[in-house]
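**Student:**
Chains as they are written, first to last, in my numbering: chain A, 1 to 175; chain B, 1001 to 1121.
Structure below.
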């Protein structure tokens, strides 16, 4: 995979303010999942996007570029704070799910959250980026620095595992 | 008891699940921070930089003046090895040096005496 410095660039400056307004809904879940804290999620997004402006970043694919920057920042932060905790909990949490929100089926929402927690860290991240942040499989591969085939495999297995876990939860609740 | 046919699709559930949000006002704060970051810098040079360059310029000017004065005060007469053949006995060795106080910097400088003036006839 090409390094960031080897990737083609936009000729024109990117309006990062407009990018934020258009992608608020996509960036927020991932930031929350990475930081597990709403205040830190806000800080992460602000730091990454202002850094884009200060460096006059003009990536060919701004979406994957920003998500990758957020991921790297979270990894660096985890290393400073203590690798042991993150090693146990994984890089991506389920903090993006609002389990207290009014829902048509609170029980189903709780089962979904529990099932997500049962995925591997890699599967959980790919499923989140695909379903909540709307990234394509190619963009996800760019974010996590893996081939698109690997991403597709992790996503398919993650969805299948979610179905299994939710069925187990339903069966357990029904008995 | 739920049946497989009544199970909602997992992907749809993930897409529709309520998501936690950022703190209140976060979207506006981020937008404002980005707007400030995009604002071009003022063309005026910061005052501390002006003072720094002024200090550098002053050192250069004083140094140049001192150098010029020092050059002006250097002895202009013939040196000990000027090659005169009027029978004056000259010292074979380089002339002695003395400490001379510079007027500007008050730093002692070593200069070679013009021993020809004191040659023994």
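Built from N, CA and C at the ideal position, the CB exists for glycine as well.
1. Can you tell me the Cα-Cα spacing of residue 32 of chain A and residue 96 of chain A, whole angstroms?
2. Using a 10 Å radius around the Cβ and a threshold of 16 neighbouring Cβ atoms, would you call residue 130 of chain A buried or exposed?
3. Could you tell me which chain A residues have their CB closer than 8 Å to the CB of residue 962 of chain B, listed as they occur along the chain?
4. Taking the alpha-carbon of residue 160 of chain A as reference, which of A:124, A:141, A:27 and A:71 has the nearest alpha-carbon?
5. Name the residue from A:92, A:21, A:116 and A:158 whose alpha carbon lies nearest to the alpha carbon of residue 37 of chain A.
6. How is the alpha helix (DSSP H) around residue 75 of chain A delimited, first residue to last?
7. Would you say residue 1040 of chain B reaches chain A, if we count a Cβ-Cβ gap shorter than 9 Å as a contact?
8. Listing by chain order, which chain A residues have their CB less than 7 Å from the CB of residue 1022 of chain B?
9. Is the CB-CB distance between residue 128 of chain A and residue 30 of chain A below 9 Å?
10. Please check if any C-beta of chain A sits within less than 9 Å of the C-beta of residue 1019 of chain B.
11. Expressed to the nearest angstrom, what Euclidean distance is found between the alpha-carbon atoms of residue 11 of chain A and residue 58 of chain A?
12. Please tell me whether residue 162 of chain A and residue 112 of chain A are closer than 9 Å, where the distance is taken between their beta carbons.
13. Over what stretch of residues does the alpha helix (DSSP H) that includes residue 1031 of chain B continue unbroken?
**Tutor:** Reading off the structure:
1. Looking at the two C-alpha atoms, the distance is approximately 5 Å.
2. In summary, residue 130 of chain A is buried, with 16 or more beta-carbon neighbours lying within 10 Å of its beta-carbon over all protein chains present.
3. For residue 962 of chain B there is no data in the structure shown, the boundaries of chain B being 1001 and 1121.
4. Nearest C-alpha to residue 160 of chain A: A:124.
5. Checking every option, the nearest Cα to that of residue 37 of chain A belongs to A:92.
6. Residue 75 of chain A: member of the alpha helix (DSSP H) spanning 62-81, first to last residue.
7. Any Cβ of chain A closer than 9 Å to the Cβ of residue 1040 of chain B would place that residue at the interface, and such an atom is absent.
8. Residues of chain A whose Cβ lies closer than 7 Å to the Cβ of residue 1022 of chain B are, in chain order, 28, 38, 41 and 42.
9. With contacts defined by Cβ atoms closer than 9 Å, residue 128 of chain A and residue 30 of chain A form a contacting pair.
10. Yes, residue 1019 of chain B lies at the interface with chain A (some Cβ there is under 9 Å from its Cβ).
11. Rounded to the nearest angstrom, the gap between the Cα atoms of residue 11 of chain A and residue 58 of chain A is 7 Å.
12. Using a Cβ distance threshold of 9 Å, residue 162 of chain A and residue 112 of chain A count as a contacting pair.
13. That run of the alpha helix (DSSP H) goes 1026-1038.
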